[in-house]
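From first to last, the protein sequence lines are chains L and A.
Mapping the first sequence onto numbering that gives the first Met the number 0, position 283 (from 1) lands on 282, and the numbers just tick up by one.
Mapping the second sequence onto numbering that gives the first Met the number 0, position 189 (from 1) lands on 188, and the numbers just tick up by one.
All residues carry an ideal CB built from backbone N, CA and C; glycine is no exception.
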Amino acid sequence: MSMKRYVLPCFALVGAVGVVTGCASDAGSGQSDGVTTLTFSMWAGSDAENEALAALVEIVEDENPDIRLTLETAPFNDYWTKLAAQASGGAEACILGVQAPRTRGIQQLLLPLDEQVLDGAGIDMADFDPSISEAMQIDGVQMAVPYDLGPLIVFYNEELFAEAGVDAPSDGWTVEDFAAAAAALSVDGRYGYAANPILDSATAWSLTLSGTQGVTAGGELDLTNPGMVEAIEFMQGMVADGSAPELPATSDTYNALNSFVAGDAAMVIDGPWQLAYVGEQVPFDFGVATIPAGADGSRTPVSGSGYGVSASCEYPEEAARAVASLTGSAAQTTLAEMGRAYPARIAEQPAYFEGDFGIAEDTLREAGASGEPFRSTTNFTQVNTLFNQYAVSALNGDMTAADFLETVQSQTASGAK
Amino acid sequence: MSTRAVSPPTRSRGRGARREAAAAYGFLAPSGIGFVLFTLGPIIGSVVLAFFHWPVIGDRSFAAFSNFVTILTADPMFWRTVGNTLLFVILYVPLNFLLALGLALWISPRIRGRGIYRLLFFLPTVTPIVANALVWRLLVQPKGVFAEIAGWFGVENFNPLGSEAGAMTVVIAMSLWQGFGYNMLVFSAGLDGIPEQLYEASALDGAGTWRRFWNITLPMLSPSIFFATVMTLITAFQVFAQPYVLTGGGPGIGTTTMVMYLYQRGFQLFDLGTASAVASILFVVIALITAVQFVGQKKWVHYE
């Protein structure tokens, strides 16, 4: 048996591997006849989101006749996995959807949008709500331009409040009011509050109770600070008192919101991006209020999303202009009217309240004013994942607040680089 | 079954032989190309990656053994995930065998509707595991069907996925339900292959039920048992979908298995180097255990 017989087929196979991988890394951006085609990658998990994106693409192409966008979407969680896979092959899109807390994690993928780039594209950051613009800066440099703004707010079930004879929350209510209402509403197998075992919910409590976040201004994880311990102990107390249900599986990420939607919990903390969903789903009247005020008044973490230009994009100038249109006045008005996003552009914010979201107007204004950018770390995804997993044990009373925070702090610190 | 090699008939090595070889490659090509592209290539790629600092985003550099050193000595989570995986394997594999063999024996005699039973027991194996896991999550969540049943027995606040021990129990139970059907079919086929005369002869010699099981059924079934052991151990070490969907690896990291952990390192922490190191360690562990089984089989597996 000679080796020769095997050599040729092997080469053929290796060649085939090369051809396939070669094709795979051929990204879709290009230029011809003065028209630049750019790939645009964004998350979308429903028909409504896809429609909104299609409308945005149309606006960009109308405003920039020399630019064509090729849209690729993936559901939110898969989007980050896909981005990672594409980035490892150097095939990421030119324009990327960026969620504020993940900006640090993908900063190396993003082209820093300094003054020159912003001016060239005609973007004036003064048009945007500062709390969300800042959340997308790293060391003072803008990494992405925001399109929406999300301060955390309290959703409440008006009918359950009325039934229990409890006053509906009003902006300016306090943590004591919240706890008393939650206790009074926990009757007949229902609960006053459904806790979300995630970092942004916990940060809402730590900000309002003590003015601290779990991350320092410099992007270092600081979970074990007394403010975070106090926040977790507050949430544990709600579960222990029976004012909030025990937490189920850690993979069940929408449990708190779904308990609220099902009428099993009278209050839940979430962002305005859920207003459309809640409005569609619930058969009862609901309202929203600011996060209840602690000793120093109400403070709330503000997050949101935007668009950035990838560092590897061959046409950064065109891509920046596309981002300008994606976050421009027409696009923001369209999104606001569709109820898809509470606009990051201040001038377009009123358009959002003209539809079904009038109920949220005062609360969102108030929350936006008292909002503080939700800070994050480079390894935000890992912190978030572990926080979520251990928070289930902690809130169910199997771990003390200090142990829980120490565990997440140490496991993410030494596990990461 | 004979394992002795049969020497091929000698042929003149002419045009005919070459044409045959070409035909053979032609037939091999579809699965061969698939194997190289989607199995062998990624395996080699993963082993190579394990020796590099390979963040998804950022600079890559040769790391020699430092990924392995980090994982084995400095990582606060790795050994917990090894422990979780071993706990799963130690509980899941024997229970799977008991269930599969027990049910195979039960439907082995000529009972009525045997085909139906086989089909029913095999159904969970052929339904998508993610769908199964989601349904299980609905069943065991608070206010789910199991919580209702637990309520009849006075158990309040039934919430197994909310505690570490409970979550692992559910992961194992769901895996058993999903996985025993395959082994049951293997055993069932093996049982059908045992000649009836052996049982008749031993009955004449006065052997009881237990004796017949121990001295005829088990030895005659040993090739099936060996096959099932190898396959079940491998899949048990690779468990991923059940904890991923049912528990998300939690609470804490109580149900984070090695494969889940390497997924998290690779696609959530974006660190393909250490993720590949975990994969390589798992690969070696599985290869060693399988090798030990192949060496050990000479002592207990009887091929007629």
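Nearest chain A C-beta to L:Asp-402 closer than 8 Å, yes or no?
-> no
What are the complete alpha helix (DSSP H) segments, minimum 4 residues, inside the stretch 249-333 of chain L?
-> 254-260, 274-280 and 315-325
DSSP state of L:Phe-127 mapped onto helix, strand, coil | strand
To the nearest angstrom, report how far apart L:Leu-256 and L:Pro-271 are at their CA atoms.
-> Each residue's Cα considered, the two are about 12 Å apart.
Let me know if L:Gly-293 comes out buried or exposed under the rule of 16 or more other beta-carbons within 10 Å of its beta-carbon.
-> So L:Gly-293 counts as buried.
Name the residue from A:Pro-194, A:Thr-168 and A:Pro-123 whose alpha carbon lies nearest to the alpha carbon of A:Phe-87.
-> A:Thr-168
Looking at C-beta atoms only, is the number of pairs between the stretch 281-300 of chain L and the stretch 357-364 of chain L that lie closer than 8 Å three or more?
-> yes
Chain A residues whose Cβ lies nearer than 7 Å to that of L:Tyr-314 | In chain order: nothing, as chain A lies at least about 21 Å away.
For L:Gly-96 and L:Tyr-78, believed in contact at Cβ under 8 Å, the rounded distance | 7 Å
Does the beta carbon of L:Thr-223 fall short of 7 Å from some heavy atom of the ligand ATP?
-> The ligand ATP is absent from the structure shown, which contains no ligand whatsoever.
Can you name, in chain order, every residue of its own chain whose Cβ lies under 8 Å from the Cβ of L:Glu-60, other than the five neighbours on each side?
-> Scanning its chain for C-beta atoms nearer than 8 Å, with the 5 sequence neighbours on each side dropped, one finds around L:Glu-60 the residues Ile-66, Arg-67 and Leu-68, in chain order.
is_contact[A:Gln-196, chain L] using C-beta, thresh 8 Å = no
Of all Cβ atoms in chain A, is any one closer than 8 Å to the Cβ of L:Gln-410?
-> yes
Can you give the Cα-Cα distance for L:Ser-200 and A:Leu-184, rounded to whole angstroms?
-> 49 Å
Anything in chain L within Cβ reach of A:Val-244, meaning under 7 Å, just list it in chain order.
-> Chain-ordered, the chain L residues with CB closer than 7 Å to the CB of A:Val-244 read Ser-250.
Listed by chain order, chain L residues near A:Gln-140 by CB distance under 9 Å | Chain L residues near A:Gln-140: Pro-247, Ala-248, Asp-251 and Asn-254.
Identity of the residue in A:Ser-162, A:Ser-107 and A:Ala-166 nearest A:Asp-191 by Cα | A:Ser-107
Go ahead and pull the three-state DSSP assignment for L:Phe-39.
-> strand
Whole-angstrom distance between L:Ala-84 and A:Gly-295, CA atom to CA atom | 41 Å
Minimum C-alpha distance to L:Gln-136 - residue among L:Tyr-306, L:Phe-39 and L:Asn-387 | L:Tyr-306
Leaving out five residues before and five after L:Val-174 in sequence, what residues of the same chain have Cβ atoms less than 6 Å from its Cβ?
-> Pro-291 and Gly-293
Does the stretch 181-195 of chain L come close enough to the stretch 229-238 of chain L that 3 or more CB-CB pairs lie under 8 Å?
-> These segments touch.
Roughly how many whole angstroms lie between the Cα atoms of L:Ala-346 and L:Thr-332?
-> 9 Å
Any C-beta of chain D sitting closer than 8 Å to the C-beta of A:Pro-218?
-> Looking at the structure shown, chain D is missing, and the protein chains on hand are L and A.
What residue range is occupied by the uninterrupted beta strand (DSSP E) comprising A:Thr-228?
-> Not the beta strand (DSSP E): A:Thr-228 falls in the alpha helix (DSSP H), residues 217-236.
Could you have a look at A:Gly-40 and say whether DSSP puts it in helix, strand or coil?
-> helix
Through-space distance from L:Glu-71 to L:Ser-45, alpha-carbon basis = 14 Å
Pair every Cβ in the stretch 388-397 of chain L with every Cβ in the stretch 301-317 of chain L, then say whether three or more of these pairs are closer than 8 Å.
-> The stretch 388-397 of chain L vs the stretch 301-317 of chain L: no contact.
Which full runs of the beta strand (DSSP E) of 3+ residues lie inside the stretch 170-223 of chain L, going along the chain?
-> 190-193
Would you check if the distance between the CB atom of A:Gly-178 and the CB atom of A:Thr-124 is smaller than 8 Å?
-> A distance below 8 Å separates the beta carbons of A:Gly-178 and A:Thr-124.
What residues are listed by DSSP as bridge partners for A:Tyr-260?
-> Beta-bridge pairing links A:Tyr-260 to no other residue.
Around the C-beta of L:Phe-39, are 16 or more other C-beta atoms found within 10 angstroms, so that it is buried, or is it exposed?
-> buried
Secondary structure at A:Phe-61, three-state DSSP: helix, strand or coil?
-> If DSSP states are grouped into helix, strand and coil, A:Phe-61 belongs with the strands.
Is any beta-carbon of chain A found at less than 8 Å from that of L:Asp-397?
-> yes
Should A:Ser-162 and A:Tyr-91 be called a contact, given that it needs their Cβ atoms to be closer than 8 Å?
-> no
Does the separation of the CB atoms of A:Trp-135 and A:Leu-245 fall below 8 Å?
-> At a Cβ-Cβ threshold of 8 Å, A:Trp-135 and A:Leu-245 count as neighbours.
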